[in-house]
Amino acid sequence: MTKPSTPRSTAPAPLAVTLRLEGLALAGVCILIYARLGGGWGLFALLILAPDLFMLGYLRDRLTGALVYNIGHSYLTPLALAGAGLWSGSDLALSLALIWGAHIGLDRAMGYGLKYGTGFKATHLGRV
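So the sequence shown is residues 907 to 1034, counted in the working numbering.
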């Protein structure tokens, strides 16, 4: 039985660098806004790694793991939370969204992209 091929990257090298720099920029903006809004650094330190709990999907199988991980590491999820926080006037929701966005941005800057169902190390930014 042959092993399914793992994509090396969907992005050429210069594009992958651009995507990493975008992640770094997003992380910087999220942290700056968080600071300007007076967010507590204890909360930030406590929750900056919380989105990695989405890796627990890999305990079931690779496809579930990739799906659950990608839900927690897509910019759409914290953006939706930020929108809900702005709409409802919830400072906590906005703070959580900014911490979450910073986490994703830092992940992208380090090369941890959205996952393929072929395994944890195969990402849209290349192999980790």
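Glycine included, each C-beta is placed from N, C-alpha and C at the ideal position. Note that the structure is a prediction, hence the values are computed from the model and not measured.
Quick check on residue i: does DSSP put it in helix, strand or coil?
{"i": "R1033", "result": "strand"}
{"i": "G944", "result": "coil"}
{"i": "Y900", "result": "As displayed, the chain neither begins before 907 nor continues past 1034, which places residue 900 out of reach and without an answer."}
{"i": "G1025", "result": "strand"}
{"i": "M1016", "result": "coil"}
{"i": "I954", "result": "coil"}
{"i": "D997", "result": "helix"}
{"i": "R926", "result": "helix"}
{"i": "R966", "result": "coil"}
Throw me the rounded Cβ distance for the residue i and residue j pair, which I believe falls under 8 Å.
{"i": "K1021", "j": "Y975", "result": "5 Å"}
{"i": "L1012", "j": "A941", "result": "Actually they do not touch by this definition, with Cβ atoms about 15 Å apart."}
{"i": "A1003", "j": "G995", "result": "Contact doesn't hold; Cβ gap of about 14 Å is too wide."}
{"i": "R1014", "j": "L925", "result": "6 Å"}
{"i": "L949", "j": "S1001", "result": "7 Å"}
Alpha carbon to alpha carbon, how far is residue j from residue i? Give it in angstroms, no decimals.
{"i": "V1034", "j": "G929", "result": "16 Å"}
{"i": "G1007", "j": "L1031", "result": "18 Å"}
{"i": "V923", "j": "A1028", "result": "17 Å"}
{"i": "I1010", "j": "R966", "result": "23 Å"}
{"i": "V963", "j": "L973", "result": "Contrary to the premise, residue 963 reads as Gly rather than Val in this sequence. Approximately 8 Å, taken between the alpha carbons."}
{"i": "A988", "j": "G1025", "result": "30 Å"}
{"i": "I954", "j": "I937", "result": "11 Å"}
{"i": "I1005", "j": "V935", "result": "11 Å"}
{"i": "L969", "j": "G1023", "result": "5 Å"}
{"i": "G945", "j": "A999", "result": "11 Å"}
{"i": "L959", "j": "T983", "result": "14 Å"}
{"i": "G1019", "j": "P957", "result": "13 Å"}
{"i": "G971", "j": "W947", "result": "30 Å"}
{"i": "L985", "j": "W993", "result": "12 Å"}
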